[in-house]
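Asks:
In this note's numbering, the protein residues as written are 37 to 126.
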């Protein structure tokens, strides 16, 4: 899965197995841009923004997980993620 991610994103937390956090570079793309592109690829993603406990500047990113796609759907889901990130690549 990690090999499918482009160089401009940074993955976090995959070793725990519950979810994967992908931080986005400060120069973009933004969370809303990634989420909109994901919707266009039939993929539901959630931004990190609503999860910060304090106000202020925080890294933007997306959260994947809290449930693994069915085994038969995993390749298509991974391809949708790859296509989404390629679409918004700076």
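Positions of the beta carbon are idealized from the N, C-alpha and C atoms, including for glycine.
1. Locate the alpha helix (DSSP H) running through residue 117, then write down its first and last residues.
2. Quick check on residue 91: does DSSP put it in helix, strand or coil?
3. Going by the DSSP bridge assignment, what does residue 97 pair with across the sheet?
4. Out of 75, 55, 92, 57, point me to the one whose CA is closest to residue 124's CA.
5. Alpha helix (DSSP H) containing residue 67: first to last residue?
6. Assuming residue 126 and residue 68 form a contact by the criterion Cβ under 8 Å, report the distance between their Cβ atoms to the nearest whole angstrom.
Replies: So, from the listed chains and residues:
1. 110 to 124
2. If DSSP states are grouped into helix, strand and coil, residue 91 belongs with coil.
3. 59
4. 75
5. Looking at the DSSP string, the run of the alpha helix (DSSP H) that includes residue 67 is 67 to 76.
6. At roughly 15 Å, the Cβ-Cβ gap does not stay under 8 Å, so residue 126 and residue 68 are not in contact.
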